[in-house]
Structure formats: C-alpha cells, structure tokens
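K.L.:
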Amino acid sequence: MSRLRFSFGSLLAATITLGACAASTEDLATKSATDDPEADGGTTIVDPDSGSPSPQADAGWDSTDGTGNPDAGAVCGNGKLEKGEECDDGNTQSNDGCSATCKVESALEGDICPGATIALTAQGTNLHATVNGSTASAYNQYGSACGGGSGRDMVYTFTPPSSGKALVTLTAGFPAIISSRGTCDDATSEASCSDISAATGGTTTLEVPVFANTPVYFLVDGYGGSSGPFTLDIDVTTAVCGNGVAEAPESCDDGNLVGGDGCSAGCQLEEGGVLNNCPGEPFELTGPPGAVRKISFAGDTLVQGGTPALASVGCFYWAGNDVVYAIKSDVAGSVKADVVTGYSKANLHAKSDCYSSDYQLGCTQIEAPGAMSLEFPVNAGQWFYLFVDGHKESSKIYGGPYQLNVAITPSSCGNHLLDGNEQCDDGNTVAGDGCTADCKLETFADVDKCPGHPVPLNLQNDGTYTAVVSGTTKGMANDVKECGIYSSSGGDTVYAITPTTDGYLEGTLVGPFNSVLGVLKACTGTPAGAVATDILDCSYKASASTTPFGLIGLGSVMKTVATPVVANTTYYLFVESAVSSGLASGGSYELNVKVTPPTCGNGRIEGTETCDDGGRDPNDGCDADCHLEPITSRSTCNDAEAITLAPLGGGNYGASLARGTLNLLANGNFATSTLDACYALGKNAFFSVTAPAAGVLRATAKSTTFDVILGIRKPTCSLTGTPAMCANASTKGSEETLALPVAAGETIYIVVDGKDANESGRFNLDVSLVPPGCGDGFFTPTVDEECDDGNTISGDGCSATCKLEKTITGVDKCPGYTLALTGTGNTPRKGTVTFETTNLNADYVGACGGNAKDGVVRVVPNVAGTLKAQARSMANVTVYARSVCNDPTTEFAKSTYSTCTGVVHDTVTFGVSAGTEYFLFVDGLDGATGVPTLEVTVTP
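If you use mature numbering (1 follows the signal peptide of the UniProt record, and there is no 0), the sequence shown corresponds to residues -22 to -1, 1 to 918, in order.
#1: Could you give the distance in angstroms between the alpha-carbon of N299 and the alpha-carbon of I156?
#2: Check T450 in the structure and name its three-state DSSP category.
#3: Here's the rule: buried if 16 or more other CB atoms are within 10 angstroms of the residue's CB, otherwise exposed. What is P750?
#4: Rounded to a whole number of angstroms, what is the C-alpha to C-alpha distance between T319 and A358?
#5: Hey, quick one: how far does the beta strand (DSSP E) through L912 stretch, first residue to last?
#6: Return the chain-ordered ranges of every beta strand (DSSP E) run that is complete within the segment 718 to 754 and spans a minimum of 3 residues.
#7: Ordered along the chain, which non-local residues of its own chain (more than five positions away) have a Cβ less than 6 Å from that of S72?
#8: Helix, strand or coil for Q343? Go by DSSP, reduced to three states.
#9: Where do the ends of the beta strand (DSSP E) carrying T215 lie?
#10: Taking all protein chains shown into account, do 16 or more other C-beta atoms lie within 10 angstroms of the C-beta of S373, making it buried, or fewer, making it exposed?
#11: Rounding to the nearest angstrom, what Cα-Cα distance links S555 and G449 in this structure?
#12: For T12, which of helix, strand or coil comes out of DSSP?
#13: Is the CB-CB distance between D884 and T812 below 7 Å?
#14: DSSP has Y473 in a bridge; who is on the other side?
#15: Three-state secondary structure (DSSP) at K872?
#16: Below 8 Å, can you find three or more Cβ-Cβ pairs linking the segment 824 to 839 to the segment 786 to 797?
#17: So, do the segment 341 to 355 and the segment 269 to 281 have three or more beta carbon pairs nearer to each other than 8 Å?
#18: Could you check what DSSP says for A276 in three-state terms: helix, strand or coil?
#19: Nearest to D74 by alpha carbon, out of A52, G129, G111, L59?
#20: Contact between the segment 602 to 610 and the segment 684 to 693: three or more CB pairs below 8 Å?
#21: Do V494 and D515 have their CB atoms nearer than 7 Å?
#22: Using a 10 Å radius around the Cβ and a threshold of 16 neighbouring Cβ atoms, would you call K781 buried or exposed?
#23: Which whole-angstrom value describes the C-beta separation of G788 and L797, a residue pair presumed to lie in contact below a C-beta threshold of 8 Å?
#24: Three-state secondary structure (DSSP) at G142?
#25: Considering C162, what are the terminal residues of the beta strand (DSSP E) in which it resides?
#26: What whole-angstrom Cβ distance do V553 and T471 have, given they're in contact under 8 Å?
#27: Could you give the first and the last residue of the continuous beta strand (DSSP E) run that contains R691?
#28: Among D865, S140, S708, V855, which has the Cα closest to the Cα of residue 932?
#29: Give the C-beta separation of V730 and A679 to the nearest angstrom, bearing in mind that I take them to be a contact with Cβ-Cβ under 8 Å.
#30: Over what stretch of residues does the beta strand (DSSP E) that includes W361 continue unbroken?
#31: Please name the residue in V313, G348, S322 whose C-alpha comes closest to that of G398.
#32: Would you report the Cα separation of T444 and T486, rounded to the nearest angstrom?
#33: Note down, in chain order, each residue of its chain lying with its Cβ closer than 7 Å to the Cβ of S307, except the 5 sequence neighbours on either side.
#34: Return the first residue and the last residue of the beta strand (DSSP E) that K791 is part of.
#35: How long is the line joining the alpha carbons of A7 and D331, rounded to whole angstroms?
#36: Could you name the residues of the same chain whose beta carbon sits closer than 8 Å to that of C578, not counting the 5 residues immediately before and after it, in chain order?
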C-alpha cells in the first residue's frame, strides 16, 4: 500500500525529519530558514569574517563551549553544530555520515546533495530514464514530510529541457519513500512525497511539475532504518506547440498554430501588450457556440515580471514581481484559472479593473511550490486581469517559473457555475427553489420575516432528504440577529424546515459576502437577538474567505451548521449579511439542506438519541438504542467496578473491557491546579483490581471520543487528591498507560477520566499482570537485578541482564553525560539512562530540594516540542532542569514556584527547541541515594 502527501508551507517545516547526521548540510538550510523569517533556502548570507557570501555564515552556528562564553571554539562530537563544522552527530567516529572532524561524508555517488545526475533519453514525445540503485551502502543524511530520517538514502537530479510534468515510479523491496525538492539541501523546498508502507515493499508513484532548465531533485529513503535495492522509472512530458498547454520555452499555447491572435505559430507572445504591468498582455478568446475558450501561459516572474504596486485583497503574498494577462471572452461564462508555480509564497489574483483593488474578483495563495486556482463569473466582452505574483520579504523576492491555464465555460443555466449573465445557478432548471429555470433569482414575500419561507425536502436514493434554495439578502430587513453573538445590521432571510423523519440536519451556505448562518428551534422575529436556548448551531466569520467552494468559486464564503432534528418539528435557518464585511447590503447566495435519518452506533447524536458512543454494546453508558443507561456502578470509589484478572499461562493474567463515561458523574479529579498535566474535569469511571499474584500490573486506556487521563489510587480510593500515579501523555485517540509493582492480594483502584468537562464517551481498558523480571522497568532485587530500566538493551547504564554498567562517563559533573534520543518523523524521541548515585558527588541543588549526591544528563533534541524527564526505581528522588549547566538561575519553572508544595519531584516537563542543549539533574531528597533510571521523552 502506498500513501501520497503534498507538502505546503509550515506543515512541511514542522514534519521534516532529519537523519542520523544530526546537524548536516540539510540542518543548516533548515535552521537558517527557520531562525530568520525572511530567509529562504536560496538566501545569500555574508560571512562576518571575510565579508564574502557564505552559506555557513549566520546560519545557526554556535561558537560557545556550552557555558555561554562566545568564541570558545568548536568541539567536534558534542552533538552541537558550531562554526567551522559541517555536521555534528554527537561522536567523533568516521564512516557514519559525519566524520571524526565533523565534515559531511559520502559513501558513494548520489549519497549526498547535489546527487547523481540522471540522463533523460527520448521515448516518443516524452523523455524517459530508468535507474537501478540501492540505499544499502549509503549514509543516512535526509528525511521527508512522509517520514524516514532513520534509513539510508540516495539523491538523484535531472534538468528537463522544457516544462511539463514528471511521473516518477519507485519500486522497492522494503518500506521506502520517494520525495521531490526544488533545492537539494533545503528541506523546506520539498514539493511532494509518496511512500511504500508495507514491510515487504511495493510500488508508489509521484507526479510533480517540472520547469525548463530548472533542476529537480528526488530522494529515496527508508523507514525504520530499512534499506535495499530499488528502481526508479521516470517519464517527463515535453513541450508541444499547439496542444493547448504552455510549456517553456513556450510563453503561450492557445491550441493552434496560427499567428496574429496574440500567441504566435511558434507559441510565443506577440507584440502589443505590457506583460509586467497594467494594462497587461491582452488576449481576446473566441470560439464556436458552446465550446470552452482556453489559453495557456508559461514564464518566469523573476525574468518577465515587474514590481508595480498591484495589491490583492485577502491575500498578503503579492509584493513580488508579477505578470499581468488581460483577457476578454466573446461569451458570458465562468472563468477557471489554474496556476502551477515552481516557487514558494506565490499569489494569483483577478480583477475587473487592472489598476484598482476595489474591483478584485478573487485571490488565492500558496506557501510551497504547487497548484492553486480561481473561479469567477464573466460577461461577454468584459475584460478581466489575471496576476501571477510572488512575495517580497526584506531583500528576498519570491518568484520563478509558472504555468497558467485559463478556461472560460460558456453560460449554461443548470451547470452549477455562476456565469456572467446569471443571478444564480443551483444545478437545476426547476423553478420554485429561489432560482428560476433561466437562472434568475425568485422573490418570496415570506422569506423576509418569521415564520419564514417553507422549504420542502426531497427523498434521495441514498435515503437522505435534501433541498437547495437560492436567495439574496440585498434589500431585506434586519429582522433577526439570529445567533445572539454577532453585532450586525445586515439584511436577513428565514427558511422553515420541517423534516418528516428523525435525524441530523446539515445546512451549507455559499455566497460572495461575509455572512452569518444559524439554525434555531424558534423564530422570534426580533432584531434584539435570539434566546440562547433556541440557538442550535451558528456559523459566522469576521472576514471574507478565499477558500474554494463549488457554486461561486474562490472568493466565496462557506458556512455550515448542523443539529439533531425530530420528525414533524419545524426548524429555522437564518441567513444574514454581516455589516463588518463592508457589504452591509449583502448579496446572492445558495443554501443547501440535508437531513440524514438516524443510525445508532455511528458516533453522532441524531433525532431522539440521547447518546451515541460509536457502538451498540451494553454496559458502556449508552445502550443499544442510543439512550443513556442508568448509573449502576463505576461512578464513585464505593461502587468501583471490580475487574477479575484471568490466568493466561506462564504466571500472566489479563482482562480487557469496553466501557463508557457518558452516563457517569464528573465528581473527581487528580489535581488542584489547571497547570497540572493530570488536571481532569471530565466524567470519570472507577475500577478496582486485586492482584492474584505478585508482579507488575499494567493498565492501558484508549478512547476515540475523548482525551483520556488515567490514574491509579492506592491503598485506598478517593475522589480528589494526588494519586499514586497518573498519565496524560497523549491526545484523543492515543493510549495512556500506567504500570506499577504489586504484591499478591494487593488492591489498587484505576480511574479513567477526561480532560475537559464536556468530554466523555466510550473507551477500552486493558489490564495485565506479569511476573517480575528483567526489563519490566521496576528494580526487583529478589530476581537478582541490580537495575531495571524497562528494556533489555545494553549500553544505557543497565545491561540486557539488568546489571549495572560502568560505561556512563561524565555523569558526575557538568556538562554531564550526553543522552542520545531515538525516534523519527512525528513520533516522540526517547532515551533512557541508568546510573548509581552512591559514588557521585553532591554538587548541585534544585529550587525545590536535592541536597544529595547527584548526576547530570545532557540532552540535545533534534525536534522542537515538549520534553518530559522522569526518574524511576529510586525512593526520594528529584529531577530538575537547566538551560545552562552551571547556572542555577536558569532552572526551568523556577520563576513559577510560589512554593514547592505539590511539586512532582520525580518528573520535570518543559518546552524545548531543536538543536538546543538542556541539562537534567537527578538528585536525592534528604540525602537519599540509589540507582535511578532517567526516562526522557520529547514529544514534537
């Protein structure tokens, strides 16, 4: 199975994964673009020492020695990118992608940027190449938005002679990724990626636009360290004059080989216009009746464009070089303009007056190279102006190659496209729905006041009931401020909907003006505002949107409302124009209504249902008919449901159950402060478990409907107060897990709660008990353990057989022992280290205690996020963190302590930045020493 992802803007920057070379040349490009909001992968930076351009100068270098002293010199192998280094992977070993002298290494051609060059050969009218390669001998240098980062990777490049599209097919025998970039060593220039997720490999394809004489780069990577042989098949379209698609070196293509019509027989722009300023390059499109008028353009805004002040409204990427096309059609119709750019921060906007933004027809923009489009109506003989633009930030101008395709569909009432001579088009030629058979607005006298205009619903083949109605708020009175929350004096209209079935009502409004859409259960007929209890749903927006949607196209505003409904009950849909839009008189719109009959178990409350938790099982709070069950247990400590652990063999026990909190009470909490991660306001369920044998008990809870917070209380149960432990590490849909050692016959209480007061629903709870043993995460001397860090991996201070290792050097003094974190993509980075404090020195003290012998652990995460460090297996332990190892004033959260009452000593949590070092201190309270295991997790 393969998955395809197109990356745009900040989403790409947030999801790029870097490989084992922790600070490679790719890191430099990524960091410089991230740290400087005006920087880009192609920005030239001046070296402060030489005064000459340098890609290294001011690009994230740190010339300190970790103490904050500037110019102390680079230290290769400290995991920190410093001046003079190309990379730093935290060691001084060569042959791993980053050498012993911190220089980027290459194992073979194509291992690093700019990659191996692919020669394209003619194959019919296209260009083709087949590459047989392997990542097995390469180093791990790069990542992509689809994932990877831990696998070995190869890089390939080719430069097409003309613009077009490249179809790249990757075939591999391992889980692999193919991604494309515009700049090889700039992760933010990634345009798209696709992957093969199956462990046995497979095939996936990637289609990307390419531009004449502009290199494009393709990266082949693997998941989870996987690597192996692969095949790339590449097919590139080439320019063909007269095919209706402009591909450089063509500057236009109108589908013919005739000159004198603005586009020459050789597909070049003819003289007679101004491309880089108003009034633009003119084209008059004609054709036979009913035929779509088309023309296509190609160019480069940095070469052809000018820099006039041709601003767009609603889009802020417009201050770069732009080109202007003036187009007139011989027929009224609907314009669709599509543009593909090879540069980021691009803009497309349309006007009916070239010189004035007061006559803008629409605008849209994109962050990363890719496609965007506009749709708007046009009249016969009307000029309109299309601007392909970019952005300017400081001295950086965003621009480059583009392809613009324009199509004008002649007017045809009923095609659901608003044409220049139409007032409406609802996709049919039936009168009585607000839009006549010739696409003119109908007037209903009762639509301007309560109880509104009745709208009949029609049964569809899928069992739903639908209606579409067109109208206008122009000239309507301000009768109702329907949502009771919006200061508006615009005109409004009212529609009465009376479903014949229980179910779920959805209303969708589309119109080219700022509007409010509300659904109410009463029609008051007063501008003072509806009673809050009558408002079932409301959708409003403070400014117009440029999100594309059907009827009117880009520049339209879409609003949606939804509510459960009961048969033969009337509901009221209100449409109002918002005065803040600058269009107090409003405009034309289309309103779509759908009622879906109820289905118990679909996770949505419909009709007379009082609950719907996505299932129809009993005893989970919502019965098989989607009505709340009476409270019989699980609501308090006194009626906690007893869980019986069944024997599974080998001394293991387990139980799994599906329950819910919908019918329970929100009467308990794990914390008293909203700043506490386990502060829970939701409905809670209580369970009790009595261990049939000694061992490690593990509880795991998961819900797809609410954010689970899991807690354990022992030896007694209470509604409030600090629990023995709690977990809230993940969001809705993810597991929360707690584990603790228990004695035979010991009873503990498990509490499943929700983060917010309105959160409740169905959840799964799994409870297991396993005999004590090495790797369970709990130090048990009775099974001949010296330590237990929760794994059976050596090299982290606690061996595979749970014996203390003496290899943890540097832990006694600043800057401490450097802990390596594992993990890629959006997954958490994790690391574990175990050491004995008995023979260490007592050098440091935290703001909330820690006067015993202590250890220091240094962490340099490669992603930004939240770091959580927790110490286990030692009594009276405390953990605290600093940004400067020897400076106690840099301790995190110190300034927020009013007192140290309620501080969770064994855990510290704080936000971190990628590539920044942090220092964690594991100390003892009241002189305590022991063998702590420090678990560090960085969640992106």
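Backbone N, C-alpha and C define an ideal beta-carbon position, used for all residues, glycine too.
P.N.:
The structure says:
#1: Walking along the sequence shown from the start, residue 299 turns up at place 321. Walking along the sequence shown from the start, residue 156 turns up at place 178. Near 32 Å, if we compare the C-alpha coordinates of I156 and N299.
#2: Stepping through the sequence shown from its first residue, residue 450 is reached at position 472. Strand, per DSSP.
#3: Mapped onto the sequence shown, residue 750 falls at position 772. So P750 ends up on the buried side.
#4: Translated into the one-based positions of the sequence shown, residue 319 becomes position 341. Translated into the one-based positions of the sequence shown, residue 358 becomes position 380. In a straight line, the C-alpha of T319 is about 29 Å away from that of A358.
#5: As a working note, residue 912 is residue 934 in the sequence shown. Counting along the chain, the beta strand (DSSP E) containing L912 begins and ends at 911 to 917.
#6: 725 to 732, 740 to 748
#7: Sequence index remark: in the sequence shown, residue 72 carries index 94 (1-based). For S72, where only same-chain residues beyond five positions count, the Cβ hits under 6 Å are A78.
#8: Residue 343 sits at position 365 when you count from the first residue of the sequence shown. It is a strand residue.
#9: The residue you call residue 215 lines up with position 237 of the sequence shown. Residues 207 to 215.
#10: Counting from 1 along the sequence shown, the entry for residue 373 is found at position 395. That one is exposed.
#11: In the sequence shown, the residue the question calls residue 555 occupies position 577. In the sequence shown, the residue the question calls residue 449 occupies position 471. Each residue's alpha carbon lies about 12 Å from the other.
#12: Along the sequence shown, one-based indexing puts residue 12 at 34. Any reading at T12 must be qualified, since the residue scores a pLDDT of 31, below 50, and its modelled position is unreliable; the value itself is stated next. Helix at T12.
#13: Within the sequence shown, the letter at position 906 stands for residue 884. Within the sequence shown, the letter at position 834 stands for residue 812. No, the Cβ-Cβ distance between D884 and T812 is not below 7 Å.
#14: On the sequence shown, residue 473 is found 495 positions in, with the first residue counted as 1. When beta bridges are read from the DSSP output, Y473 appears opposite H431, L551.
#15: For this step, residue 872 is matched to residue 894 along the sequence shown. Looking at K872 - three-state DSSP - the assignment turns out to be helix.
#16: yes
#17: no
#18: Residue numbering aside, residue 276 sits at position 298 when the sequence shown is read from its first letter. Looking at A276 - three-state DSSP - the assignment turns out to be strand.
#19: For the purposes of this step, residue 74 is taken as residue 96 along the sequence shown, with counting starting at 1. Closest option to D74, Cα to Cα, is G129.
#20: no
#21: The count along the sequence shown starts at 1 and reaches residue 494 at position 516. The count along the sequence shown starts at 1 and reaches residue 515 at position 537. If you check the CB distance, V494 and D515 do not come in under 7 Å.
#22: Against the sequence shown, residue 781 aligns to sequence position 803. Exposed: under 16 other Cβ atoms inside 10 Å.
#23: The residue you call residue 788 lines up with position 810 of the sequence shown. The residue you call residue 797 lines up with position 819 of the sequence shown. About 11 Å separates the two Cβ atoms, so there is no contact after all.
#24: Within the sequence shown, the letter at position 164 stands for residue 142. G142 falls in the strand class under three-state DSSP.
#25: The sequence position of residue 162 within the sequence shown is 184, counting from 1. No beta strand (DSSP E) holds C162; DSSP gives it neither H nor E.
#26: Counted from its first residue, the sequence shown places residue 553 at position 575. Counted from its first residue, the sequence shown places residue 471 at position 493. 5 Å between Cβ atoms; contact.
#27: Here residue 691 refers to the residue found at position 713 of the sequence shown. Where R691 is concerned, the enclosing beta strand (DSSP E) stretches over 686 to 691.
#28: The question about residue 932 has no answer, for the chain in this structure spans -22 to 918.
#29: Counting from one through the sequence shown, the residue named residue 730 turns up at place 752. Counting from one through the sequence shown, the residue named residue 679 turns up at place 701. With 8 Å as the limit, V730 and A679 qualify as a contact, their Cβ atoms being about 5 Å apart.
#30: Counted from its first residue, the sequence shown places residue 361 at position 383. Run containing W361: 361 to 367, per the beta strand (DSSP E) assignment.
#31: The residue labelled residue 398 in the question sits at position 420 within the sequence shown. If we check each option's Cα against that of G398, V313 comes out closest.
#32: By 1-based counting over the sequence shown, the position of residue 444 is 466. By 1-based counting over the sequence shown, the position of residue 486 is 508. Spanning the alpha carbons of T444 and T486 requires a straight line of approximately 11 Å.
#33: In the sequence shown, counting from the first residue as 1, residue 307 sits at position 329. Answer for S307: L263, R271, V356, A358, I386, listed in chain order.
#34: The count along the sequence shown starts at 1 and reaches residue 791 at position 813. Note, K791: premise wrong, no beta strand (DSSP E); not H, not E.
#35: Translated into the one-based positions of the sequence shown, residue 7 becomes position 29. Translated into the one-based positions of the sequence shown, residue 331 becomes position 353. Annotation note: pLDDT 31 at A7 (below 50); position unreliable, coordinate value reported separately. Answer to the nearest angstrom: the Cα atoms are 41 Å apart.
#36: For the purposes of this step, residue 578 is taken as the residue at position 600 of the sequence shown. Here the set comprises E587, D590, R594, A602, D603, C604.
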